[in-house]
Amino acid sequence: MSDELLLKHAEKFAAYKNFLLERNKVMNLTSVTSEPDFTAKHFTDSLALFALPQKSARVIDVGTGAGLPGIPLAITRPDVHVTLLDSTGKKINFVREAAALLGLANVDCVCARAEDHVKNGHAYDMSVSRAVAKLNKLAAFMLPLTAPGGMMVAMKGQRILDELNEAKAAIKKYGGEFEKIIEYEIGLGIVHSLIMVRKIKI
């Protein structure tokens, strides 16, 4: 599926990659710059989210950094509204420029900490995060931003059971309930995991 999506939207993915790598020369956006690592570890990985949001869902990418996974999701799911959230102004400026370059009308870019953003009453159908923090901290950042009935999705590596066990108290504290783990291959012999946590109460 990811190969088909990359091919279907090849022009936008190429433009995004070129813009990211050009800005990476003066900003710390990624340490992965060569193929095939770049496509597998950034684009294929991000596209594991493609089928998860319902139509017209509101999704927030917490700690978006260079726009991953939020921008690939926005490219391939124009029906989904994606908010890119990061506390670093330079990174938000980058993703704002990238979204404009790619003509992504379904993207908002917000420079704020997650705990401050939630104070403004924001709640989303799905919160996602990739390579930001351990799961116990992610629960504290992401579940308050997730609407009741919605889903928190933490993108992780393969060996995550210990981390999940450590996070159970935090997940419960912030109104979540662990639902399942989805494992997926990104190529290069690498398997990653989606940790799915349902928001069951405020």
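The opening residue of the sequence shown carries number 628 in my numbering; numbering runs sequentially from there. Glycine included, each C-beta is placed from N, C-alpha and C at the ideal position. Please read all numbers here as calculations on a predicted model, not as lab measurements.
Beta-carbon contacts of residue i that lie in its chain and below 7 Å, excluding the five residues immediately before and after
{"i": "Y801", "result": "A766, A767, L770 and P771"}
{"i": "L695", "result": "H669, S673 and R757"}
{"i": "F665", "result": "K644 and V659"}
{"i": "A739", "result": "L712 and S714"}
Selection from the options that minimises the alpha carbon distance to residue i
{"i": "A667", "options": "G814, I829 and V824", "result": "G814"}
{"i": "P775", "options": "Y751, N651, F646 and L679", "result": "Y751"}
{"i": "L633", "options": "S673, D713 and A727", "result": "S673"}
{"i": "T660", "options": "L648, V653 and M654", "result": "L648"}
{"i": "P663", "options": "V686, G816 and S820", "result": "G816"}
{"i": "K783", "options": "R650, F677 and I809", "result": "I809"}
{"i": "K807", "options": "A701, R825 and N763", "result": "R825"}
{"i": "K795", "options": "Q785, L762 and H819", "result": "L762"}
{"i": "H819", "options": "K652, V686, I787 and K828", "result": "I787"}
{"i": "A641", "options": "A725, M628 and V653", "result": "A725"}
{"i": "N651", "options": "E631, I827 and F721", "result": "F721"}
{"i": "I687", "options": "G716, V755, H636 and S629", "result": "V755"}
Alpha-carbon spacing of residue i relative to residue j, whole angstroms
{"i": "T657", "j": "F670", "result": "13 Å"}
{"i": "M778", "j": "V745", "result": "16 Å"}
{"i": "D789", "j": "A675", "result": "22 Å"}
{"i": "K764", "j": "Y811", "result": "23 Å"}
{"i": "P680", "j": "T773", "result": "13 Å"}
{"i": "V689", "j": "G748", "result": "16 Å"}
{"i": "N655", "j": "E638", "result": "24 Å"}
{"i": "E631", "j": "R723", "result": "26 Å"}
{"i": "V737", "j": "Q785", "result": "30 Å"}
{"i": "V653", "j": "H636", "result": "27 Å"}
{"i": "T799", "j": "S629", "result": "For clarity, residue 799 is Lys in the given sequence; the question names Thr instead. Each residue's alpha carbon lies about 33 Å from the other."}
Check whether residue i and residue j have beta carbons under 8 Å apart
{"i": "P705", "j": "N733", "result": "yes"}
{"i": "A797", "j": "M753", "result": "no"}
{"i": "F805", "j": "L728", "result": "no"}
{"i": "T710", "j": "F677", "result": "no"}
{"i": "A781", "j": "I822", "result": "yes"}
{"i": "A741", "j": "K718", "result": "no"}
{"i": "G803", "j": "I829", "result": "no"}
Neighbourhood of residue i by C-beta, 8 Å cutoff - its chain only, sequence neighbours within 5 removed
{"i": "D735", "result": "H708, V709, T710 and L711"}
{"i": "N792", "result": "none"}
{"i": "D743", "result": "none"}
{"i": "G716", "result": "C738"}
Neighbourhood of residue i by C-beta, 6 Å cutoff - its chain only, sequence neighbours within 5 removed
{"i": "A701", "result": "V709, L731, N733 and V734"}
{"i": "G697", "result": "D688, T691, V709 and L711"}
{"i": "K682", "result": "D706"}
In chain order, which continuous runs of the alpha helix (DSSP H) of length 4 or greater are located wholly inside the stretch 635-718? Entirely contained in the stretch 635-718, the alpha helix (DSSP H) runs reaching 4 residues are, in chain order, 637-651 and 697-703.
Hey, which unbroken runs of the alpha helix (DSSP H) at 4 residues or more fall wholly within the stretch 714-766? The alpha helix (DSSP H) runs lying completely inside the stretch 714-766 and spanning 4 residues or more are 716-729 and 741-744, given in chain order.
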